[in-house]
Every structure is written in structure tokens, then in C-alpha cells.
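Each protein sequence line maps, in turn, to chains C and P.
According to our numbering, the first sequence holds residues 72 to 310 in order.
According to our numbering, the second sequence holds residues -3 to 523 in order.
Glycine included, C-beta positions come from ideal geometry on N, C-alpha and C.
Please read the structure below before turning to the comments.
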Amino acid sequence: MDQKAFDSNVLIDQEEVLRPKMVTVEIAGKKYEVPEGITVIKALWYSGQEVIHGVGCLGGYCGACATYYRTKDDPKVRTCLACSTAVEDGMSFSMMAPFPARKATYQMAELKDPKQDLFNLYPEAPMCRNCNACTEACPQGIDVRDGVWKAVFGDFKSVSEMFMDCVMCGLCTPVCIADIAPNLVALYASRAQGAHFMEKPKRLQERIGEIEQGHYTKEWDRILGMNDQELKDVCAAIK
Amino acid sequence: MQLLALQELVHKTRDTRRAQTLPKFPANERDTLIKKYHPDHRESAYRPIKFGPNAGDMTVRELAALLEGESPVPADLDLTPAYTVDVLVVGGGGAGCAAALHAHAHGAKVMLATKLRLGDSNTVMAQGGIQIAITNEDSPVQHFLDTLKGGHMKNDHLLLKTMVEEGPSIAKWLLDLGVLFDRDADGNLHVKKGGGSSKPRLLTCSDYTGLEIMRVLKDEVLNQKIQLLEFSAAVELLSDEQGRCSGAVLQDLDNKRFLPVAAKTVILATGGIGRLHIQGFPTSNHFGATGDALPMSYRLGAKLLQIDTFQYHPTGAVYPEQLVGALVTEGIRSEGGHLVNAKGERFVNELDTRDVVSSSIIRECEEGRGVRTATGRLGVWLDTPLLDVESGPGTLEKHFPAMVRQYKRYGLDITKDPVLIYPTLHYQNGGVQIDVHGESGVPNLFVAGEASGGLHGRNRLMGNSLLDLMVYGKRAGTATATRAQSMSHGRLTLDHLRRFRDEARKHGASLETHSPMLFPDYVRKEA
Ligand SMILES: Cc1cc2nc3c(=O)[nH]c(=O)nc-3n(C[C@H](O)[C@H](O)[C@H](O)COP(=O)(O)OP(=O)(O)OC[C@H]3O[C@@H](n4cnc5c(N)ncnc54)[C@H](O)[C@@H]3O)c2cc1C
Ligand code: SF4
Ligand code: SF4
Ligand code: FES
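This is the structure in C-alpha cells:
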């Protein structure tokens, strides 16, 4: 094994493993030279900044690293996940500060009419003005605007499918002119879909019953009564 | 570029490989392979622990230093509690959220403290699924045996039996909360086959199982209005005059202040160790995976188990550089993806256990059949386009949207081209020894999830960790809430720390390393 190659992941500033070309980026208004192609989060570390708010899974799943950026000469401010986006020359970026969106609270099991309850929990949801800013802000490419409408029209099934990719980064929220937090609306609709509108899987219920009724007791006694060698032989025979 | 030329061979050999079936390793050859190539057997990476409950046991140097490390808490810290609760849950991943929800449901006053935001964890990244034996062909007993075999027969039987038996009721709990597991046409839960399992048993939510579970549990913790402290790390435990756990010291990461918390019981659910970069390996783990439960509970006298064995996930990304260490889900191999060396040959049954597959990949690379990238990393190919060839165009896109997206961000299309992979540090097989309620050897100190040890033996099977989190999170949450009803708060002292420091000095431990580590230090110091 090439030990040196692996250590290079630990120390992000070992130039020899990175593409040697340096680029200039602007982080919250200041210019820094960083190796081309490293991720936005690594660029922050490279420029000497400690980042705790804004780092989570480092794998594109947790949404902690919501970031605004602009590339050279392009007026458009875009959004990205800083752990999963490579820097390029002339890029400027800053991380999104936490946004005080309102999350409704509910007891999922006790909801009587979840599609109607949406309007009590998130009365702002039907106020969507179709500006599409949320969709444009979504780094996961979800049609967020459409999802809000689907939730409002009670098509919770489609919402749950559309938002399976949602990392809850919240980038769709500050842009909303109707004060909707689309991801929270979608999460409610998805959970309600699962808890209230999906069939209860029969086979699962049967298996729970079998276990409760001691259906496997004999088999357990047989297996757990074995000595190490017998157990090993049984396991070795598994295909 | 050169990589592009090399991957042509993967396309060219695809049809020949499709006709092949590779046997799994017979038991004796498998042991020889692992001894020779698995990083767990690299002697120079290990040393004995100098003192404490595991004195003399071997572990990797990175962990040994932390276990013998110095607490950041000064001996004379004012321990007037900032908070007083029944149950303090430390860690906001799957195990922590499950524990907090169950403790709350059983009437306890719960606080959940976590070092990043709620849900920023390893749990959120789990793609492969959760193993639960629900089909007619399958049974909890079979699940037990598969796991035992995968764990090299070193699993704690009682912990394991409890986990597999409670699996189905956990699936129901999650479904009732609204988790959207994939279904078959008849409404039953869809199951997939995972590496090392004899039956299809993996429940999935597309390839976002962890994300879906985490989103729902996080939402539920907020719905139940459980007291939540984010960006607050546990840095030390507290003990009463008899050495039982009586709370913890948190550190507010924004103002660095210490916050003593009085708790009747503490549940540590701080997850794994990937960010220690053991033996220099890249890792699939989240930023806060620094094994904090281990030194904290060790200082309080808890015994650790199987801390000499780690799981190196066979398929970590090697290219592009931005993705190094990130996981390429096992699901791709479950659905038939081949591992292919630089000569265009398969070299292992892709569905063998993780330690076997990882060892084989390392063997290929050490014996010169690996592919080298421009940055000097070695790897072998994972033939992703094969899935579309076998099961029709669009299969990858449909079954592995997260994977396709992960690569697309860097301009790579895994439906057209294979990806380069190498084992990545993934999971801590061992951890703090617990009983069937999640209680450690130290009374009133509970540990749940990846931080605990014993259940998985020397190699965890795919999909068993998510189940472990849910089952033992639930058990720890329930047990602590029940106990809280019949006990009062203990005194808050740091006596154990004084004892620990004395012992350290006696054994000539340097106390130079501070632990818990909290975060890896990636910040570049000087230009
Ligand atoms: C990329 C990836 C894919 C995986 N896929 C699967 C899979 O498909 N199936 C499966 O079963 N398993 C899988 N696993 C393994 C599984 O996800 C983890 O083992 C499991 O999620 C660990 O859960 P946990 O709750 O114990 O820890 P985590 O989910 O890691 O949560 C730990 C929490 O504790 C917090 N914390 C840490 N230290 C402190 C401290 N000192 N104070 C306060 N808070 C602290 C962390 O910030 C985090 O919130 C995968 C793991 C990874 C990394
Ligand atoms: S829907 Fe909103 S929260 Fe979800 S990923 Fe898109 S921008 Fe982020
Ligand atoms: S940003 Fe708000 S108003 Fe605009 S489309 Fe999205 S939900 Fe509607
Ligand atoms: S750190 Fe989790 S998505 Fe970027």
C-alpha cells in the first residue's frame, strides 16, 4: 500500500497530491489563493479558517454546508453544498447563515385529516406566488415550487417521491417571498404519506406476531445450545 | 487522459466477465488473505494501551493516544450544574435521536446535546439500507447466523439475538413515524440482498435510507420539544462518590464555556472514529466522527471491546480527488457490479464479506494490478455501467440516484464509465462494552450505536448498524427513563479524573494528547 498517498488526504495542504495550479477565490469579501479543484470547504480550511457551523457529513447528505457563490463575470448568484462543489478561478462565495424558519410541530399519529391539517400547520403554504425562486435555489435539483403546489393539492405521494433527495439545507427558504419553508412543508407531507396513506405491510405484521408468540423459540434453543465448534460448522455451511 | 484509456479495458472485458461466476473464499484461504492484507493485521500500526481498564490490550496508535489523553476540563472546574435532567443523550445521530425519543416517551426529562447540528452524523449518509428479517424465506435466527459468520464468530450472542428479534418491531416503529421504505407491488416491504447475507433482508429508501430515517427522527425530536443543545460537545463525564456516572461536562463550541449537566443517567451516542484517519486511511465518515465516547468512558472506568478491529469499506472513491474516501454504495455490488483490476479481470466474489473484499482489493493493488491516478492513489475499477447493461438503461439512475449525483457534480457519468475505488475507513467494529440495555460497566453510563461494542464481532455486516442504532437507542432510552423514576441525582465530582491523572503519571503517559478530539484539524496553519 502506498502510505504516502493516503496521508495526503489527512493533510489537505500537501500540494504534491493536489493539482499544482492555484486559483484565486473570494471568501466573504477577501481574496485567497487556493489549489484549483478542491472543494469549497477545503478552500475555507486552506485559507486558514476554522469551520464548525457549516460542516457536517462532508458527503453531500446533511445540508449543513449551504453556500452562495458566484463565478467570474457572471452576475448570477448560485447555491451549492460546499462539501461537494469544486472551486474555480474567480469564484466568490460565502456560507449561508442559519435562517430562522418556522417549523410547525405535530403529533403525527394523532392527525385525523393530514391533508387538511396542512393548512392549519402551514397556513402560508397555499400563498405560493409561483416565483420559482425556491426551485432555482435548490442544489439538489428538486422542482421545489411544484412540490409546494402538490402538497397544497393533497398529492402527498408525489411530494414524498420528489423530496427523497432533499438534504434539508434550507436554501429554498430565505428566497421565498411568501415566507414558506418548502422543505418543511414537504417533510410534513412525506411523513404523513408514510404514516397515514401507505398500506400497512402484512408480512411485517405477521413476523412481529410470530416473534411475540415464540415461533422461533425451539430454533433459538437449538442454536444457542450449541458449542463453539457446532455453531461454527453451522455458519460455515451457510451459502 | 490516461485514466480514460485505462477504463477502456473495463468496457472491453465486460461481456467476458458477465459469463463468469466467482466462488466465495473457502474459510481457510479467507483467513490467510485477511491476515496478509487487511489493515487490522498491520502490526506496526498497533501498540498496547498503557493503563486503565484495557491495560495491555492492543489498539491502533491513534486511538491509544486518545485513551491515554488529557481531559480539557480543569480539576477545579465549578460543577454547579447549568442544567439538571433525568437523561442526558450525547450525540444527534440515529442512536441519539432514537434514545431521546424513547426516553421522552417513557416520561423522562431528556436533554439531547450534540456537537454539530441535530442530524449531522454518519447516520444521515447510510445508503445501503437496514437489515431486518421479514420474508418467509428468512428468519431472525438466520439473520443471527449470518451476522455471526460475518463477525468471525466473535459477536456477543445475547446482544445480537436481541437486535435481530426486535428488528421487525423497529421497522414498524419507523413506518408509523412516516419513514418511506421501498415497497413491492403487493404493499409488502421490498428487500434487497446485502454483502455477507444469505437472504435478501435489506430494507431501503431508495439509496437514501439514512437520510430518510434521519430526517424523520430529527423532525420528531423537534416535534416532541425535547430540549436540544446544538454545537455543544460533551468533553468529560461526571461521577459520584462511588464512581457511578452522574452527568457530563459539555462545552459550548461558540463561546468555549464549560457547562456541567447533572443527569441521573447519560447515554453516549457519539458514533464512530473515521476522522482519526487510522493508518492514514481516508474515511467515509462525517466531520465529527472522532470516537469521543471512547476516551470519555475509558477515563470513567468503562471497559472497551474489540478496539483492535475496524471496518474498511471496500469501495471508497479514489477519483476524482474531491471525492476521496467517500462511499460508493455496496448496493452497486449487490445488484451485480463487478470489481475489476487493471488487467480487466475480476478477482473476488463481490458479495463476499467486507473484510474479504477489502483485503482482495488491497492485494490487487499491492501486487501491481491496481490503477494509479495522477495524484498517486491506487485503486481498482467498479464496473457501474454493467448494471444498466444487465437490467436495462436507467437502472443506475433509478436505483442509485445519490451515487449518480455524487459523481455528476464533478462531471463524471457512472452510467457510462466505471469508477475507481479503494477501501476507506468506515466503521468501528468494537467500542464500549454494554449489556442488553445499553449500560456500560460503569453504573448509569449507557452507550448506544456505533460507539458501543460487542454486537458486531470483528466485522459488521452491511445494514446491521442502522438496526443496531434503532434497537439499542430504544433500549437505552427505555432503560434510563425507567431507572430515572426510582433514583435521585448523584453528587457531581471529577474524582475519576484525579484517579486517571494519577495513573497516567504512574505509567509515564505523556498526557500530551488532548481528548476527546471533537474534530480533525484540517485548517492549514501557515502559507
Ligand atoms: C457513508 C456511510 C454509509 C453507511 N451506510 C450504512 C448502511 O447502509 N447501513 C447501515 O446499517 N449502516 C451504514 N453505515 C454505518 C452507520 O451509518 C453508522 O454506523 C451509524 O449511523 C452510526 O450511528 P450513531 O448514531 O452511532 O452515530 P452518528 O450517526 O455518527 O451520530 C453521532 C452523533 O454524535 C455527535 N457527537 C460526536 N461526538 C460528540 C461529542 N463529544 N459531544 C456531542 N455530540 C457528539 C455527532 O456530531 C453526531 O451527531 C454507513 C456509514 C457511513 C459513514
Ligand atoms: S428542497 Fe430546499 S432544503 Fe431540500 S435540498 Fe432543495 S433547497 Fe435544500
Ligand atoms: S419561493 Fe415561495 S413563492 Fe416562490 S415558488 Fe417557491 S414557494 Fe412559491
Ligand atoms: S457537509 Fe453535509 S452536505 Fe455538505
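For residue i: DSSP bridge partner residues
{"i": "Thr420 (chain P)", "result": "P:His309"}
{"i": "Phe164 (chain C)", "result": "C:Ile98 and C:Tyr140"}
{"i": "Asp379 (chain P)", "result": "P:His334"}
{"i": "Ala71 (chain P)", "result": "Partner(s): none; Ala71 (chain P) has no beta bridge."}
{"i": "Lys188 (chain P)", "result": "P:Leu198"}
{"i": "Arg368 (chain P)", "result": "P:Leu374"}
{"i": "Met107 (chain P)", "result": "P:Leu84 and P:Gln223"}
{"i": "Pro106 (chain C)", "result": "C:Met93"}
{"i": "Pro44 (chain P)", "result": "P:Met54"}
{"i": "Gln402 (chain P)", "result": "Looking at the DSSP assignment, Gln402 (chain P) forms no beta bridge with any residue, so it has no partner."}
{"i": "Arg495 (chain P)", "result": "Answer is none; Arg495 (chain P) lacks a bridge partner."}
{"i": "Ala78 (chain P)", "result": "Per DSSP, none; premise fails for Ala78 (chain P)."}
{"i": "Gly449 (chain P)", "result": "P:Gln429"}
Among the options, nearest to residue i - alpha-carbon criterion
{"i": "Gly285 (chain C)", "options": "P:Glu162, P:Val467 and P:Leu272", "result": "P:Glu162"}
{"i": "Arg405 (chain P)", "options": "C:Ile109, C:Thr95 and C:Ile294", "result": "C:Ile109"}
{"i": "Cys247 (chain C)", "options": "C:Leu115, C:Leu152 and C:Val219", "result": "C:Val219"}
{"i": "Gln424 (chain P)", "options": "P:Arg240, P:Gln302 and P:Ala129", "result": "P:Gln302"}
{"i": "Asp413 (chain P)", "options": "P:His282, P:Arg373 and P:Met399", "result": "P:Met399"}
{"i": "Val367 (chain P)", "options": "P:Val120, P:Leu335, P:Thr349 and P:Glu346", "result": "P:Leu335"}
{"i": "Cys133 (chain C)", "options": "P:Ala122, P:Leu0 and P:Thr9", "result": "P:Ala122"}
{"i": "Glu393 (chain P)", "options": "P:Asp409, P:Ala61 and P:Pro196", "result": "P:Asp409"}
{"i": "Met395 (chain C)", "options": "P:Lys168, P:Asp203 and P:Thr391", "result": "Since the first and last residues shown for chain C are 72 and 310, residue 395 (chain C) lies out of range."}
{"i": "Leu0 (chain P)", "options": "P:Ser40, P:Leu490, P:Ala370 and P:Phe254", "result": "P:Ala370"}
{"i": "Val122 (chain C)", "options": "P:Gly284, P:Leu233, P:Pro164 and P:Gly449", "result": "P:Gly284"}
{"i": "Glu281 (chain C)", "options": "P:Glu66, P:Asp384 and P:Asn132", "result": "P:Asn132"}
{"i": "Pro397 (chain P)", "options": "P:Val212, P:Thr325, P:Ala96 and P:Gly364", "result": "P:Thr325"}
{"i": "Glu232 (chain P)", "options": "P:Asp517, P:Tyr518, P:Asp142 and P:Met513", "result": "P:Met513"}
{"i": "Ser202 (chain P)", "options": "C:Val105, C:Ile309, C:Phe234 and C:Ile294", "result": "C:Phe234"}
{"i": "Pro278 (chain P)", "options": "P:Thr476, P:Met458 and P:Leu323", "result": "P:Leu323"}
{"i": "Asp299 (chain C)", "options": "P:Gly206, P:Leu141, P:Ile263 and P:Asp182", "result": "P:Leu141"}
{"i": "Asn50 (chain P)", "options": "P:Tyr518, P:Pro291, P:Ser506 and P:Ser194", "result": "P:Pro291"}
{"i": "Phe177 (chain P)", "options": "P:Gly65, P:Gly124 and P:Tyr518", "result": "P:Gly124"}
Cβ-based neighbour list, residue i, same chain, cut-off 6 Å, excluding 5 preceding and 5 following
{"i": "Arg179 (chain P)", "result": "His186"}
{"i": "His503 (chain P)", "result": "Lys46 and Phe47"}
{"i": "Ala15 (chain P)", "result": "none"}
{"i": "Ser155 (chain C)", "result": "Gly131"}
{"i": "Arg13 (chain P)", "result": "His334 and Arg342"}
{"i": "Glu86 (chain C)", "result": "Since pLDDT at Glu86 (chain C) reaches only 36, below the 50 mark, its modelled position is unreliable, and the value read off the structure follows with that caveat. Contacts found: none."}
{"i": "Val245 (chain P)", "result": "Val69, Val231, Glu232, Phe254 and Pro256"}
Close beta carbons around residue i, own chain, < 7 Å, minus the five adjacent residues each side
{"i": "Lys521 (chain P)", "result": "none"}
{"i": "Asp73 (chain C)", "result": "Confidence at Asp73 (chain C) is low in this model, with a pLDDT of 37, below 50, so the placement of that residue is unreliable and no value is reported for it."}
{"i": "Met159 (chain P)", "result": "Leu451, Leu463, Asp464 and Val467"}
{"i": "Leu192 (chain C)", "result": "Ala175, Tyr177 and Tyr259"}
{"i": "Cys243 (chain C)", "result": "Cys205, Ala208, Cys209, Val215, Pro253 and Asn254"}
{"i": "Met(-3) (chain P)", "result": "Legend: pLDDT at Met(-3) (chain P) = 44, less than 50; position of this residue unreliable, value from coordinates given subsequently. Once the five neighbours on either side are set aside, Met(-3) (chain P) has no close Cβ partner at all."}
Residues near residue i by beta carbon distance below 8 Å, same chain, minus five either side
{"i": "Lys174 (chain C)", "result": "Ala252 and Leu255"}
{"i": "Ser355 (chain P)", "result": "Leu29, Ile30, Lys32, Tyr33 and His34"}
{"i": "Asp236 (chain C)", "result": "Gln211, Gly212 and Ile213"}
{"i": "Gln264 (chain C)", "result": "Phe227, Lys228, Val230 and Ser231"}
{"i": "Leu493 (chain P)", "result": "Ser67, Val69, Ala71, Glu232 and Arg295"}
Helix, strand or coil at residue i [DSSP, three-state]
{"i": "Pro256 (chain P)", "result": "strand"}
{"i": "Ile294 (chain C)", "result": "helix"}
{"i": "Phe224 (chain C)", "result": "coil"}
{"i": "Val443 (chain P)", "result": "strand"}
{"i": "Asp203 (chain P)", "result": "strand"}
{"i": "Gln300 (chain C)", "result": "helix"}
{"i": "Thr474 (chain P)", "result": "helix"}
{"i": "Gly265 (chain C)", "result": "helix"}
{"i": "Val305 (chain C)", "result": "helix"}
{"i": "Glu435 (chain P)", "result": "strand"}
{"i": "His102 (chain P)", "result": "coil"}
Chain D contact residues for residue i, given Cβ-Cβ distances below 7 Å
{"i": "Thr138 (chain C)", "result": "The chain labelled as chain D is not found among the protein chains of the depicted structure, namely C and P."}
Counting only runs that start and end within the stretch 109 to 164 of chain P, where is the alpha helix (DSSP H) found for 4 or more residues in a row?
136 to 146
Unbroken beta strand (DSSP E) runs of length 3 or more, entirely within the stretch 211 to 263 of chain P: which are they?
223 to 225, 228 to 235 and 241 to 248
At what residue ranges does the stretch 189 to 217 of chain C contain a whole run of the alpha helix (DSSP H), taking only runs of 4 or more?
204 to 208
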